[in-house]
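Asker: Please find one structure pasted underneath; my questions will follow.
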Amino acid sequence: MAERSLAVVILAAGQGTRMKSTLPKVLHRIGGRSLIEHVLDTAAALTPERIVAVVRHDRDRVSAAILNHAPDTVIVDQDEVPGTGRAVELALAALPTDFDGSVVVLSGDAPLVDGPSIDGLLDSHFAEQRDMTLLSALLDNPTGLGRILRDASGGMTGIVEEKDASDEQRLITEINGGIYVFAFRALARALADIDTNNAQGEKYLTDAASRILASGGGVEAVATTDPWVVAGVNDRAQLADAGRELNARIIRGHQRNGVTIVDPATTWIDADVSLASDVEILPGTFLHGATSVSTGSVIGPDTTLTDCEVGEGVRVRRSEATLAVFQAGAEIGPFAYIRPGTELGEGGKIGAFVEAKNARIGDGSKVPHLSYVGDVTVGEGSNIGAGTIVANYDGVNKHQTVVGDAVRIGSKNVLIAPVTIEDGTYTAAGTIVRKNVPAGALAMTVAPQRNLEGWVTENRQGTTSAAAAERAAQPATDSLNDTPHTT
Ligand code: UD1
Ligand code: CA
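Numbers 70 to 556, taken from this note's numbering, label the letters of the sequence shown in order.
Have a look at this one:
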């Protein structure tokens, strides 16, 4: 349908008491985005003329979050009159004065509503030329929700809220999903007519149904086959349920696009993550934020990547990384901890029990074992020996370390920043590098080894070490006749 003049109203003024939180309900997050961000994205995908969000509780925080994510949103403050009807009434006043199109109403706390469901609702609405079409759902447990009222022939007659419903009405299992499309004029007329004479003393948007019907307009509830679309988040249990469902949907989407996800139950992937086909995700993996993974990479098990860029054919095992870039063929982990600003070149390695921060490690360079590399640039084809520490912090300031190409840093070095170790150098095991090392040099810390002969026998009498030393001191032929040693 080309000629749809559309406005979207998002209701976000409620307090969300049942969350028992200092954070406004709609700012709680699932799938890496706040609830309201999910709804704003769905609204934007409808390409409406205007999106209006109604706020009241913690309005500064909520409106800042909305404008940060969707700067073109028009923020409307709800006044003292409570209720969803009042919220929409005030939102209509923020539409262009000549607006005469359709108004889609969404709830800031129903994050799983999706574009196709709203498109289906709009198609039905226009095909039947109604004034109000809403999404309903048939629930085994409809407790707490508004019920759809129908006459004997199935025609809709109105909506009753749980708190206003009779015992008989509470048996109805068709509920109001809280997702609506209205003809602007019919809605405006109905809202002007709605009062607060109900159990909650609120101006109910749901009362528009009976008002529009009374004035001869068309109203229908269209039941969704997928009740998750209308699932609202009112408490932490529902937040977790919605989060799990969203995750399941995201995972299913990636699987359909050719990503192997071995165990969806222990894999969590944020909405903004992008995965190429033939990526493999092993159990216990969390992919957050704007993480992207190129084809052929295997991530996990037990790995958390946040805002990382992973090239082709990368292997990340049992590791955690934030704001890092791994080029093609790189190898990470197991048990690596990689902090922001780290870039690992093609075929490079950050191995077992290595912490990296702000480390740019060139193509083919390796930090294979038990090291800390921070504020460092390493060239290509270099190797940092096991147990090497880059001492980047002098207690007051952080300093840079530069390691060139094809460098061999020996085991257990300390590189004291700022220091430059030029191309093609070696450093001996245990070197404490305080001075720059010129290209091609071998650096070593000269501290000659002394052996104090007989020290253990004299100073540690009666120990297993002393006994072993005594045995070692005897001629080899005698030791064959020794009885087995016991302690
Ligand atoms: C509402 C519906 C109910 C439906 C349910 C679906 C009404 C009267 N009832 O009930 O029929 O089954 O949604 O989830 O509409 N809000 C405002 N201003 C207000 C009150 C609420 O903006 O004065 C916002 C809330 O922040 C929330 C949305 O409207 O995003 C729904 O409000 P809520 O109080 O959760 O309504 P329900 O009781 O769930
Ligand atoms: Ca609700």
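For each residue, glycine too, the CB sits at the ideal point set by N, CA and C. Computed from a predicted structure; not experimentally measured.
State the CB to CB distance for the pair I485 and I453, rounded to an integer number of angstroms; the pair is presumed to be in contact (CB under 8 Å).
Answerer: At roughly 15 Å, the Cβ-Cβ gap does not stay under 8 Å, so I485 and I453 are not in contact.
Asker: What are the residues that DSSP puts in a beta bridge with S205?
Answerer: N245 and A292
Asker: On a Cα-Cα basis, can you pick out the residue from F251, I263 and K232 that is closest to G286?
Answerer: F251
Asker: State the DSSP-derived secondary structure class of L218, mapped to helix, strand or coil.
Answerer: strand
Asker: Going by DSSP in three states, I320 sits in which element: helix, strand or coil?
Answerer: helix
Asker: Nearest to T116 by alpha carbon, out of G184, A160 and E158?
Answerer: The residue with the shortest Cα to Cα distance from T116 is G184.
Asker: Please indicate yes or no: does the CB of A311 lie closer than 7 Å to some heavy atom of ligand 1?
Answerer: no
Asker: In whole angstroms, what separates the C-alpha of L80 from that of D178?
Answerer: 8 Å
Asker: Can we count G564 as close to ligand 1, meaning its CB is less than 7 Å from some heavy atom?
Answerer: Outside the shown range of the chain (70 to 556) lies residue 564, about which nothing can therefore be said.
Asker: Span of the beta strand (DSSP E) holding D444?
Answerer: Y441 to V447
Asker: Bridge partners for M225 per DSSP, in chain order?
Answerer: R219
Asker: Would you tell me roughly how many angstroms separate the C-alpha atoms of V229 and V174, rounded to the nearest one?
Answerer: About 18 Å.
Asker: Starting from L484 and walking both ways along the beta strand (DSSP E), at which residues does that stretch end?
Answerer: From DSSP, the beta strand (DSSP E) with L484 extends over V483 to I485.
Asker: Do you know whose CA, among S388, P333, Q396 and L191, lies nearest V362's CA?
Answerer: V362 has its Cα closest to that of Q396, out of S388, P333, Q396 and L191.
Asker: Just to confirm before moving on: does the CB-CB distance between A510 and V502 stay below 8 Å?
Answerer: no
Asker: Name the DSSP bridge partner or partners of A421?
Answerer: In DSSP, A421 forms a bridge with H438.
Asker: What do you reckon, are the CB atoms on G414 and G431 nearer than 8 Å?
Answerer: yes
Asker: Going by the CB atoms, is the gap between A399 and V564 shorter than 8 Å?
Answerer: Because the chain spans 70 through 556 in this model, residue 564 falls outside it and cannot be assessed.
Asker: Counting only beta-carbon separations shorter than 8 Å, does V174 have a partner in chain C?
Answerer: In the structure shown, chain C cannot be found, because there is only a single protein chain.
Asker: Does the separation of the CB atoms of V131 and V124 fall below 8 Å?
Answerer: yes
Asker: From this set, V342, G523, D444 and G301, which residue's C-alpha is nearest S176's C-alpha?
Answerer: If we check each option's Cα against that of S176, G301 comes out closest.
Asker: Using CA atoms only, rank isn't needed, just tell me which of A535, K272, P296 and R155 is closest to L207.
Answerer: P296
Asker: Considering only C-alpha positions, which residue in the set V436, V459, V150 and R529 is nearest to N266?
Answerer: V150
Asker: For D371 and V145, what's the separation of their Cα atoms in angstroms?
Answerer: 44 Å
Asker: Within 7 Å: the Cβ of V342 and any heavy atom of ligand 1?
Answerer: No.
Asker: With a threshold of 7 Å (Cβ to nearest heavy atom), would G247 be considered close to ligand 1?
Answerer: yes
Asker: L282 and G227: beta carbons closer than 8 Å?
Answerer: yes
Asker: Would you say the segment 315–329 touches the segment 188–201, given that touching needs at least three Cβ pairs under 8 Å?
Answerer: no
Asker: With a threshold of 16 other CB atoms inside 10 Å of the CB of T532, please say whether the residue is buried or exposed.
Answerer: exposed
Asker: Can you give me the start and stop residues for the alpha helix (DSSP H) that D110 sits inside?
Answerer: L104 to A114
Asker: At which residues does the beta strand (DSSP E) containing R119 begin and terminate?
Answerer: R119 to V124
Asker: Closer than 6 Å by C-beta to G499: which residues in its own chain qualify, once you throw out the five before and the five after it? Chain order, please.
Answerer: K481
Asker: Looking at the secondary structure, which residues open and close the beta strand (DSSP E) in which V304 lies?
Answerer: What sits at residue 304 in the sequence shown is Asp, not Val. Premise fails: D304 is in no beta strand (DSSP E) and is neither H nor E.
Asker: Using the Cβ count rule (16 or more neighbours within 10 Å means buried), how would you classify A71?
Answerer: No answer about A71 holds up, because its pLDDT of 41 lies below 50 and its placement is not dependable.
Asker: What does A81 pair with, by DSSP beta-bridge criteria?
Answerer: V124
Asker: Find out if the Cβ-Cβ distance for the pair D339, L356 is shorter than 8 Å.
Answerer: yes
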